[in-house]
Amino acid sequence: LCCECGQAHPLLDNHLYNFQDEVDDELICHICLQPLLQPMDTPCGHTYCFKCLENFMQEYNFCPMDRKKLSFQQCHKSSLLVRNLLDKLVVLCPFKAECQQTMQRCELEAHLQNRCPGFKKYKAELQRKKNPISKGKEDPPARGETNTPKDPEVPSGGSSLVAESSGAAVVSLGTTEPGLVNPAFEETEEDLPQRTSLVAETTTIEIHREDPEEELGMRIVGGKDTPLGNIVVQEVLRDSVIAADGRIAPGDHILEVNGVNISSVTHCQAVSFLRHPGPVLHLMVLQEKGFSNKTAQQDSSAANREVIHVTLVKRDRSEPLGIKLIRKTDEAGIFILDLLEGGLAAKNGKLSRNDRVLSINGQDLRQGTPEAAAQIIQTTESRVNFVILRQPGVQLGEPVEDGSTSNSSSSSSNGGSPVHHRRRPDQNHYRRKSNYQKKTVAIKKEPKESLGITIGGGRDNKNKLPIYVTSVQPIGCLFRDGRIKRGDVLLSINGIDLTHLNYYEAVSALKSNAASHSVTLKALEILCLNSPEPALDIREQGFSWSPLWITWLGLPSYLHFCQDIVLTKGNLESWGFSIVGGFEESKGNQPFFIKTIVPGTPAFRDRKLKCGDEIVAVNGVPAIGMSNSELIPMLKEQRNKVTLTVVSWPGSLV
Numbered sequence: 105l106c107c108e109c110g111q112a113h114p115l116l117d118n119h120l121y122n123f124q125d126e127v128d129d130e131l132i133c134h135i136c137l138q139p140l141l142q143p144m145d146t147p148c149g150h151t152y153c154f155k156c157l158e159n160f161m162q163e164y165n166f167c168p169m170d171r172k173k174l175s176f177q178q179c180h181k182s183s184l185l186v187r188n189l190l191d192k193l194v195v196l197c198p199f200k201a202e203c204q205q206t207m208q209r210c211e212l213e214a215h216l217q218n219r220c221p222g223f224k225k226y227k228a229e230l231q232r233k234k235n236p237i238s239k240g241k242e243d244p245p246a247r248g249e250t251n252t253p254k255d256p257e258v259p260s261g262g263s264s265l266v267a268e269s270s271g272a273a274v275v276s277l278g279t280t281e282p283g284l285v286n287p288a289f290e291e292t293e294e295d296l297p298q299r300t301s302l303v304a305e306t307t308t309i310e311i312h313r314e315d316p317e318e319e320l321g322m323r324i325v326g327g328k329d330t331p332l333g334n335i336v337v338q339e340v341l342r343d344s345v346i347a348a349d350g351r352i353a354p355g356d357h358i359l360e361v362n363g364v365n366i367s368s369v370t371h372c373q374a375v376s377f378l379r380h381p382g383p384v385l386h387l388m389v390l391q392e393k394g395f396s397n398k399t400a401q402q403d404s405s406a407a408n409r410e411v412i413h414v415t416l417v418k419r420d421r422s423e424p425l426g427i428k429l430i431r432k433t434d435e436a437g438i439f440i441l442d443l444l445e446g447g448l449a450a451k452n453g454k455l456s457r458n459d460r461v462l463s464i465n466g467q468d469l470r471q472g473t474p475e476a477a478a479q480i481i482q483t484t485e486s487r488v489n490f491v492i493l494r495q496p497g498v499q500l501g502e503p504v505e506d507g508s509t510s511n512s513s514s515s516s517s518n519g520g521s522p523v524h525h526r527r528r529p530d531q532n533h534y535r536r537k538s539n540y541q542k543k544t545v546a547i548k549k550e551p552k553e554s555l556g557i558t559i560g561g562g563r564d565n566k567n568k569l570p571i572y573v574t575s576v577q578p579i580g581c582l583f584r585d586g587r588i589k590r591g592d593v594l595l596s597i598n599g600i601d602l603t604h605l606n607y608y609e610a611v612s613a614l615k616s617n618a619a620s621h622s623v624t625l626k627a628l629e630i631l632c633l634n635s636p637e638p639a640l641d642i643r644e645q646g647f648s649w650s651p652l653w654i655t656w657l658g659l660p661s662y663l664h665f666c667q668d669i670v671l672t673k674g675n676l677e678s679w680g681f682s683i684v685g686g687f688e689e690s691k692g693n694q695p696f697f698i699k700t701i702v703p704g705t706p707a708f709r710d711r712k713l714k715c716g717d718e719i720v721a722v723n724g725v726p727a728i729g730m731s732n733s734e735l736i737p738m739l740k741e742q743r744n745k746v747t748l749t750v751v752s753w754p755g756s757l758v
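With the working numbering applied, the sequence shown corresponds to residues 105 to 758, in that order.
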């Protein structure tokens with residue numbers, strides 16, 4: 105137990121208190137939603153706990169409330185009046201069985217150390233149990249010494265930290281992934297005892313095909329050139345290879361294909377990997393398992409893990425430690441990828457590959473980034489104190505060499521130069537704006553000469569697609585003309601609008617107008633930058649061809665078909681989906697996409713919402729131009745019913 109507050113909490117987290125009365129909202133931190141500790145004021149007029157704000161600013165450069173630009177250096181301590189008000193809040197002694205006293209918050213530590221019979225009893229029992237280990241703990245660690253903490257604060261803190269790092273990836277409900285909004289994982293006081301963690305597991309699946317050329321039979325969305333980032337399964341087709349296997353489901357994230365990391369490749373590259381023929385396919389997938397009780401996670405994950413302190417001493421600020429750091433897709437936080445031969449850390453010998461970095465010099469990095477860790481190391485003059493979590497025998501997989509590691513970013517403490525830079529908006533790693541070219545094709549032809557094209561789509565299609573060209577046959581007049589290509593969206597023929605027709609109506613309109621001596625076609629050619637599709641045409645020929653999912657994202661909005669999806673839930677339920685996107689100053693307007701649908705939740709049970717769907721409006725209010733901080737409250741305010749207006753494009757078939 106913590107000797108300052110008398111309660112069990114992670115070593116690097118804020119202290120916990122039992123307040124006698126309800127605390128005024130003005131004195132609550134909007135990051136941790138607890139009464140403020142060491143309050144810090146921002147220039148924009150908001151107040152947060154020191155630790156909460158410090159941890160948040162390691163990842164972001166804006167205020168959590170209004171998203172105005174902010175740096176930690178601009179913030180300052182709250183006034184003495186505010187600090188005194190907080191210190192005078194009345195709290196209960198945590199040892200209720202032995203002590204029923206109340207006191208001001210600032211007096212609790214002294215009460216525990218000097219007057220509380222319950223805390224004295226606890227210390228005496230702890231001393232008896234750990235007497236052999238506690239001897240000799242008074243001496244400070246020597247240079248570079250590894251120290252497994254055994255004082256009263258650490259065991260409970262260590263246990264809590266371990267609970268957040270189980271063998272299955274336990275995803276925190278308050279996830280801080282950039283651009284990710286998690287109304288699905290919203291916590292309320294009623295929810296906390298029942299479900300405090302969202303569990304996801306990484307699984308390797310071996311798919312066998314009798315015909316090496318046979319398609320897998322699933323649709324995928326995402327890629328590093330879209331806001332979704334990862335490759336996500338949108339749909340599994342009936343009677344397909346994947347359906348027959350039965351282990352992959354919509355919402356699964358595909359991390360590797362035949363040992364190749366695809367968690368950081370473009371959509372087109374991922375399609376190419378998944379369409380590659382072969383009798384056996386090895387897939388590594390991340391699968392959501394739904395909400396789980398945190399206590400159960402603690403019990404299952406605490407084994408064989410230990411919290412360790414390591415201190416490295418630099419001769420001067422510029423000396424590198426020789427550590428490569430990485431983020432993983434299946435676990436939050438930062439991990440040691442490698443120790444450079446001859447570097448300070450390698451010579452010290454106390455850090456190991458796959459150690460999870462919990463903190464550096466007291467700064468909490470459990471949800472941090474390699475870049476934030478590198479910055480702390482660079483600015484440290486001499487002693488660099490690591491707190492790490494270690495599980496023996498687990499090693500990281502090798503990263504691919506295409507601009508990222510197995511998870512989004514890696515950094516080195518060698519002068520702070522990132523090994524692989526994080527994604528930047530100027531690298532076109534987010535959804536491109538509508539990018540298309542209108543064209544009008546007027547041709548003279550013989551009355552009996554066919555157009556020579558096949559089409560797909562139609563507003564009767566499951567996804568309400570516009571009419572598009574699936575093939576241009578070498579026997580028709582359009583092949584001879586050369587301007588209409590596969591993938592073009594047909595807008596009209598001889599002045600007849602095709603954009604609102606179903607498939608059979610469009611076929612009839614094209615056939616009847618093809619009987620004339622002249623035909624005028626208006627079409628859109630979607631231009632996919634840096635995604636040359638011809639290289640992907642491995643197996644799709646003729647009538648079976650369909651555009652890639654990323655192609656549809658380039659369509660102008662007047663060709664979008666919006667549908668309303670109504671979700672209902674109970675008071676204690678979450679909606680069950682997470683979203684990415686929204687307006688940010690550094691990226692501009694980004695659409696909101698559904699990234700995750702959690703098993704067992706209203707969104708999952710409804711079956712209409714799919715990963716990759718774009719949210720256009722919430723309860724009739726347009727989402728375009730909104731930031732996360734504007735859309736989140738709208739979703740949270742809807743206690744039992746919400747209407748989502750979405751556009752759904754079919755994923756790429758692999």
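Just so you know, even glycine gets a beta-carbon here, dropped at the ideal spot from N, CA and C.
- Per DSSP, the continuous alpha helix (DSSP H) segment holding Ala477 begins and ends at 474-483.
- Taken through DSSP and simplified to helix, strand or coil, Val573 comes out as strand.
- Its Cα nearest to that of Met161, the residue Ile135 stands out among Gly149, Gln231, Ile135.
- Counting along the chain, the unbroken alpha helix (DSSP H) around Cys581 starts and ends at 581-585.
- Sequence-distant partners of Asn489 (beyond 5 residues in either direction) whose C-beta falls short of 6 Å from its own C-beta, in its chain, are Thr415, Asn465.
- Contact check for Val336 against Cys715 passes: the beta carbons are separated by less than 8 Å.
- Bridge pairing for Arg460: Phe439, Leu493 [DSSP].
- For the options Glu317, Phe708, Asn617, Val611, the alpha carbon positioned closest to that of Lys552 is the one of Asn617.
- In the structure shown, Ile654 falls within a helical segment according to DSSP collapsed to helix, strand and coil.
- In this structure, Gly321 places its C-beta atom within 8 Å of the C-beta atom of Ser344.
- Gly447 and Pro424 do touch by the CB rule: their CB atoms are close to 6 Å apart, below 8 Å.
- Under the three-state reduction of DSSP, Ile427 is assigned to strand.
- Contact between Ile698 and Ile719 holds, with the beta-carbon distance rounding to 7 Å and staying under 8 Å.
- Boundaries of the alpha helix (DSSP H) harbouring Ile346: 345-349, taken from the DSSP string.
- In the structure shown, Phe665 adopts coil according to DSSP, grouped into three states.
- Under the three-state reduction of DSSP, Pro221 is assigned to helix.
- For Cys153, the beta-bridge partners assigned by DSSP are Pro143.
- Shown here for Gly556: same chain residues with a beta carbon closer than 7 Å to its own, the five before and five after excluded, namely Val576, Gln577, Ile579, Gly580, Cys581, Leu582, Phe583 in chain order.
- Counting C-beta pairs with one atom in each stretch, the segment 594-603 and the segment 618-627 have three or more that are closer than 8 Å, which means they touch.
- Here the segment 425-440 lies against the segment 474-487, with 3 or more beta-carbon pairs under 8 Å apart.
- For the options Gly680, Met730, Lys589, the alpha carbon positioned closest to that of Asn693 is the one of Met730.
- Of the candidates Leu341, Asn334, His371, the residue whose Cα lies closest to the Cα of Met388 is Asn334.
- Under the Cβ criterion (8 Å, minimum of three pairs), the segment 136-147 does not count as touching the segment 210-228.
- Using a Cβ-Cβ distance cut-off of 8 Å, the segment 196-210 and the segment 160-179 are not in contact, since fewer than three pairs of beta carbons, one from each stretch, lie closer than that value.
- One Cα belongs to Ser620, the other to Asp601, and the distance between them is close to 17 Å.
- C-alpha of Ala112 to C-alpha of Gly685: approximately 37 Å in a straight line.
- Beta-bridge pairing by DSSP links Phe708 to no other residue.
- For Asp349, the closest C-alpha among the options Arg313, Arg470, Arg460 is that of Arg313.
- At the C-beta level, Leu663 and Pro570 come within 8 Å of one another.
- A straight line joining the alpha-carbon of Lys740 with that of Asn565 spans about 33 Å.
- Taking C-alpha positions only, Leu137 is separated from Ser367 by approximately 33 Å.
- Taking the CA atoms as reference points, Asp442 sits about 8 Å from Ser456.
- For the set Pro660, Leu444, Lys451, Asn567, the Cα lying nearest the Cα of Gln541 is the one of Pro660.
- When Leu190, Val611, Glu435, Glu677 are compared, the shortest CA-CA separation from Pro706 is found for Glu677.
- Annotation: the segment 307-393 contains the following complete segments of the alpha helix (DSSP H) (minimum length 4 residues), in chain order: 345-349, 371-379.
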